[in-house]
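Peer 1: Residue numbers (the working numbering): 167 to 255.
C-beta: ideal position from N, C-alpha, C; glycine also.
All values derive from a computational prediction rather than experimental measurement.
My questions will all concern the structure given below.
This is the structure:
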């Protein structure tokens, strides 16, 4: 879809503010718009369009076997990101 635009931004908060002030539409990640959606200050349009699903990586400094708490933390974060994605599909 090709769209004409009159303004550009490079941060999520400013894109959200522009949308909230009736300056257009934006494709934003779920975590950015979640509170605005739940408060009915924002509504979905063109819900059939989705952005790319980016892989989730975690960087740690352990060269060999990483501690179990690092592994569990990664699993927990991955679980909640996956759950948020499934609930909003």
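Can you round the beta-carbon distance between residue 184 and residue 173 to whole angstroms, since I take them to be within the 8 Å contact cut?
Peer 2: Here residue 184 refers to the residue found at position 18 of the chain shown. Here residue 173 refers to the residue found at position 7 of the chain shown. Confirmed, about 6 Å.
Peer 1: Would you kindly work out how many angstroms separate the C-alpha atoms of residue 171 and residue 235, rounded to a whole number?
Peer 2: Within the chain shown, the letter at position 5 stands for residue 171. Within the chain shown, the letter at position 69 stands for residue 235. Using only the alpha carbons, I get a separation of about 46 Å.
Peer 1: Anyone know if the C-beta pair for residue 198 and residue 219 falls short of 8 Å?
Peer 2: By one-based count along the chain shown, residue 198 stands at place 32. By one-based count along the chain shown, residue 219 stands at place 53. It is not a contact, given that the beta carbons lie outside the stated cut-off.
Peer 1: Once DSSP output is grouped into helix, strand and coil, what is the label at residue 194?
Peer 2: What you label residue 194 is simply residue 28 of the chain shown in a count that begins at 1. Of the three classes helix, strand and coil, the one that applies to residue 194 here is coil, per DSSP.
Peer 1: Going by beta-carbon coordinates alone, are residue 262 and residue 243 separated by less than 8 Å?
Peer 2: For the chain, the structure presents residues 167 to 255; residue 262 sits outside this window and is missing.
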